[in-house]
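Residue 1 is where the sequence shown starts when you use this note's numbering, and the numbers rise one by one after that. Just so it is clear, CB atoms sit at the ideal spot from N, CA and C, and this is done for glycine as well. Reading through the structure tokens given below for one structure.
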Amino acid sequence: MPRPVRSRPRALLAALALLLAAPLVGPAPATAGDSSVPSPRLASQRQIAQATPGDFTGHGFDQCLAPTQSAMDTWWRKSPFSAVGIYISGDSRACRSQPNLSPTWVATQVARGWRLLPIALGPQASCQPRFPRYSDDVTISPRPTGGYSAAAGQGAAEAEKNAADATAYGIGPGSTIWYDLEGFDLGDTHCRESALVFTSAWVTRIKALGYVAGFYSSASSGIKMLDDARRLRPGQFALPDRIWIARWDGAANTSTTYITEDGWRPGGRMKQYRGGHNETWGGVTINIDSNFIDLGTGSVAVPEGRCPGTRLGYWKYPSLSPGSAKPTRVKVLQCLLTEQGTYSGPLDGSYDAATVAAARAWQASRKFTATDTFEKRHWTALLAAGARTTVKRGSTGEAVHRLQRALNAAGAGRFRATGVVDAKTEAALRDYQSRLRIPVSGVATPQTWTKLQQGR
Numbered sequence: 001m002p003r004p005v006r007s008r009p010r011a012l013l014a015a016l017a018l019l020l021a022a023p024l025v026g027p028a029p030a031t032a033g034d035s036s037v038p039s040p041r042l043a044s045q046r047q048i049a050q051a052t053p054g055d056f057t058g059h060g061f062d063q064c065l066a067p068t069q070s071a072m073d074t075w076w077r078k079s080p081f082s083a084v085g086i087y088i089s090g091d092s093r094a095c096r097s098q099p100n101l102s103p104t105w106v107a108t109q110v111a112r113g114w115r116l117l118p119i120a121l122g123p124q125a126s127c128q129p130r131f132p133r134y135s136d137d138v139t140i141s142p143r144p145t146g147g148y149s150a151a152a153g154q155g156a157a158e159a160e161k162n163a164a165d166a167t168a169y170g171i172g173p174g175s176t177i178w179y180d181l182e183g184f185d186l187g188d189t190h191c192r193e194s195a196l197v198f199t200s201a202w203v204t205r206i207k208a209l210g211y212v213a214g215f216y217s218s219a220s221s222g223i224k225m226l227d228d229a230r231r232l233r234p235g236q237f238a239l240p241d242r243i244w245i246a247r248w249d250g251a252a253n254t255s256t257t258y259i260t261e262d263g264w265r266p267g268g269r270m271k272q273y274r275g276g277h278n279e280t281w282g283g284v285t286i287n288i289d290s291n292f293i294d295l296g297t298g299s300v301a302v303p304e305g306r307c308p309g310t311r312l313g314y315w316k317y318p319s320l321s322p323g324s325a326k327p328t329r330v331k332v333l334q335c336l337l338t339e340q341g342t343y344s345g346p347l348d349g350s351y352d353a354a355t356v357a358a359a360r361a362w363q364a365s366r367k368f369t370a371t372d373t374f375e376k377r378h379w380t381a382l383l384a385a386g387a388r389t390t391v392k393r394g395s396t397g398e399a400v401h402r403l404q405r406a407l408n409a410a411g412a413g414r415f416r417a418t419g420v421v422d423a424k425t426e427a428a429l430r431d432y433q434s435r436l437r438i439p440v441s442g443v444a445t446p447q448t449w450t451k452l453q454q455g456r
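Dropping the structure here:
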């Protein structure tokens with residue numbers, strides 16, 4: 001993880017006052033935002049908590065310095081990432097100065113659709129050779145006196161500091177704060193035990209302050225330390241609600257051989273699977289770590305509520321002609337043409353004269369040659385019709401249903417339209433983009449929507 005974000009914390013009460021004064025405007029999108037909106041309204045405190053990071057399955061990145069607003073906007077439209085790690089607290093951060101980070105920055109990202117991963121990098125394990133980093137930086141006390149009471153006191157105090165800093169940024173209770181404990185020698189008993197006691201005290205206090213406790217570390221040290229405590233010393237230590245596993249194996253999942261599969265499942269894991277590297281999206285390059293996130297209940301579909309009683313999603317949408325038309329698909333056509341304003345009859349599955357006339361009228365309105373046959377290109381364009389909303393892994397909502405059905409119609413996939421962009425949807429998007437020779441990102445960009453709405 002880039003090692004970073006600010007000066008010393010404010011008093012907790014002052015920070016709380018600032019949070020209460022933050023704007024309560026919105027709404028923030030539940031998942032993906034509309035790229036056509038240049039300046040989304042600021043998110044409310046409740047929306048920030050729900051998106052930090054809330055229930056989500058998808059891709060995230062973290063970077064030492066919070067990117068500029070321009071970079072974030074471009075990456076939202078072009079990159080596959082929906083979550084961003086930001087260093088908000090801790091005296092051991094490399095990037096203590098965060099010129100872009102502010103309460104407005106936080107609220108703006110959530111309003112756009114970003115999920116946030118606030119990171120605190122405070123006192124580190126006593127045997128970690130890269131720390132202390134600064135003259136005013138302290139490490140976790142390895143003194144065993146009183147059951148490592150000094151380390152416990154440090155953990156509780158650090159939680160107070162981290163909560164105050166989070167609150168000052170508008171990241172209030174209900175959000176997850178991730179404590180970053182860099183890799184250390186697990187075989188050093190006093191170093192390990194003091195780190196474990198510190199973490200336990202931090203978890204206890206941060207939860208008492210109303211936050212969800214997250215913990216980041218390398219799979220072979222800090223994460224294994226916690227899993228060993230969970231399995232071998234149950235109930236002796238307070239454990240985090242969620243773990244962030246650093247294991248640079250290139251596998252975009254939440255597994256590692258260093259710990260057992262039952263720990264922090266379901267919904268309690270994310271993994272940093274690739275370390276620092278440059279990625280460029282939309283002409284903007286950022287040096288990042290890559291993460292795969294699977295937290296809470298994951299991304300959950302939102303009921304669509306269109307054409308009650310009519311099934312709209314299928315693996316295939318065959319051509320319709322007056323002499324050969326599946327009634328189930330004709331009902332889909334009638335429903336969609338009703339929404340488009342060219343059909344006003346019953347949804348009865350009959351490809352009759354009224355339905356054919358409505359189909360021809362729609363074809364002409366979209367600059368297709370009007371014909372009695374409703375073909376693959378027509379299905380693709382009609383199913384994709386609507387706002388060109390940015391949709392990516394983990395997105396939910398009406399636009400996702402449209403996208404999934406259009407990809408099926410275009411022949412890019414054969415999957416159930418679930419209303420959630422999952423691995424199958426992402427793969428189909430990439431296949432479609434590759435076939436059309438447009439940038440392959442797995443993101444439904446405006447350019448992707450344009451091609452679909454042209455029936456390509």
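*Short CB-CB distance (under 8 Å) between Y273 and chain B*: As a matter of chain content, chain B is missing from the structure shown, which is built from one protein chain.
*Are there 16 or more other CB atoms within 10 angstroms of the CB of W202, so buried, or fewer, so exposed?*
Working through the sequence shown from its first residue, we reach residue 202 at position 202. Buried: at least 16 other Cβ atoms inside 10 Å.
*Starting from I48 and walking both ways along the alpha helix (DSSP H), at which residues does that stretch end?*
Here residue 48 refers to the residue found at position 48 when the sequence shown is read from its first residue. Q45 to Q50 is the extent of the alpha helix (DSSP H) around I48.
*With 16 as the cutoff for other CB atoms within 10 Å, does D422 come out buried or exposed?*
Your numbering for residue 422 matches position 422 in the sequence shown. Counting Cβ neighbours within 10 Å, D422 comes out buried, since at least 16 surround it.
*Quick one: what does DSSP say D138 is sitting in, helix, strand or coil?*
As a position in the sequence shown, residue 138 is number 138, starting the count at 1. Rather than Asp, the amino acid found at residue 138 in this sequence is Val. Annotated three-state conformation of V138 is coil, per DSSP.
*For A358, collect the residues of the same chain with a Cβ closer than 6 Å to its Cβ; drop the 5 residues on either side in sequence, then sort them by chain order.*
By one-based count along the sequence shown, residue 358 stands at place 358. Answer for A358: L337, T342 and Y343, listed in chain order.
*Going by DSSP, which residues form a beta bridge with E182?*
Reading the sequence shown from its first residue, position 182 is the one you call residue 182. None, per the DSSP bridge assignment.
*On the three-pair Cβ rule with 8 Å, is the stretch 439-449 touching the stretch 346-355?*
No: the two stretches stay apart, fewer than three of their Cβ pairs being nearer than 8 Å.
_Suppose only complete runs of 3+ residues qualify. What are the beta strand (DSSP E) ranges in the stretch 111-177, listed by chain order?_
Counting only unbroken stretches of 3 or more residues, the beta strand (DSSP E) elements lying wholly within the stretch 111-177 are 115-120, in sequence order.
_As a quick exercise: from A428, P173 and L181, pick the residue whose alpha carbon is nearest that of S218._
Residue mapping note: residue 218 aligns to position 218 of the sequence shown, counting from 1. Comparing Cα positions, the closest option is L181.
*For T396 versus G419, is the C-beta spacing smaller than 8 Å?*
Within the sequence shown, residue 396 is the residue found at index 396, counting from 1. Within the sequence shown, residue 419 is the residue found at index 419, counting from 1. Yes.
_I206 vs I223 beta-carbon contact at 8 Å_ = Reading the sequence shown from its first residue, position 206 is the one you call residue 206. Reading the sequence shown from its first residue, position 223 is the one you call residue 223. Their beta carbons are not under 8 Å apart, which means I206 does not touch I223 by this criterion.
_In the DSSP output, which residue or residues are listed as bridge partners for V420?_
Your numbering for residue 420 matches position 420 in the sequence shown. V420 has T396 as its beta-bridge partners, per DSSP.
*Among T310, V356 and Q340, which one has its Cα closest to the Cα of G323?*
On the sequence shown, position 323 is the one that residue 323 refers to. With distances taken between CA atoms, G323 lies nearest to V356 out of T310, V356 and Q340.
_Beta-carbon spacing of L347, A406 below 8 Å_ = Within the sequence shown, residue 347 is the residue found at index 347, counting from 1. Within the sequence shown, residue 406 is the residue found at index 406, counting from 1. A406 sits away from L347, with the two beta carbons spaced by 8 Å or more.
*My understanding is that G282 touches S82, with C-beta atoms under 8 Å, so please give their C-beta distance in whole angstroms.*
To locate residue 282, count along the sequence shown from 1; it is residue 282. To locate residue 82, count along the sequence shown from 1; it is residue 82. The Cβ separation is near 15 Å, so there is no contact.
*Got a sec? Which residues, its chain only, sit under 6 Å from P23 by beta carbon, not counting five neighbours each side?*
Here residue 23 corresponds to residue number 23 of the sequence shown, with the count starting at 1. Model confidence at P23 stands at a pLDDT of 35, short of 50, so the residue's coordinates are unreliable and nothing is read from them.
*Using only alpha-carbon positions, find the residue among G309, G296, V440 and L436 that is nearest to T176.*
Taking the first residue of the sequence shown as 1, we reach residue 176 at position 176. Looking at the Cα atoms, G296 is the closest of the given residues.
*Can you tell me whether L239 is buried or exposed, with buried defined as 16 or more other CB within 10 angstroms of its CB?*
Residue numbering aside, residue 239 sits at position 239 when the sequence shown is read from its first letter. Answer is buried; the Cβ neighbour count reaches 16.
*Grab the span of the beta strand (DSSP E) containing L295 for me, first residue to last.*
As a position in the sequence shown, residue 295 is number 295, starting the count at 1. Under the DSSP assignment, L295 falls in the beta strand (DSSP E) whose first and last residues are V284 to L295.
*Please indicate yes or no: does the CB of Q453 lie closer than 7 Å to some heavy atom of the ligand SAH?*
The ligand SAH is not among the ligands present in this structure, which contains no ligands whatsoever.
*Would you mind sorting P123 into buried or exposed? The rule is 16 or more other CB atoms within 10 Å of its CB.*
On the sequence shown, position 123 is the one that residue 123 refers to. Burial call: buried.
*Grouping DSSP H, G and I as helix and E and B as strand, with all else coil, what is A251?*
Your numbering for residue 251 matches position 251 in the sequence shown. In the displayed model, A251 falls within coil according to three-state DSSP, outside both helix and strand.
*asked:* My output table needs one value for W281: the three-state DSSP class, helix, strand or coil.
replied: Translated into positions along the sequence shown, residue 281 becomes position 281. Here W281 sits in strand by DSSP.
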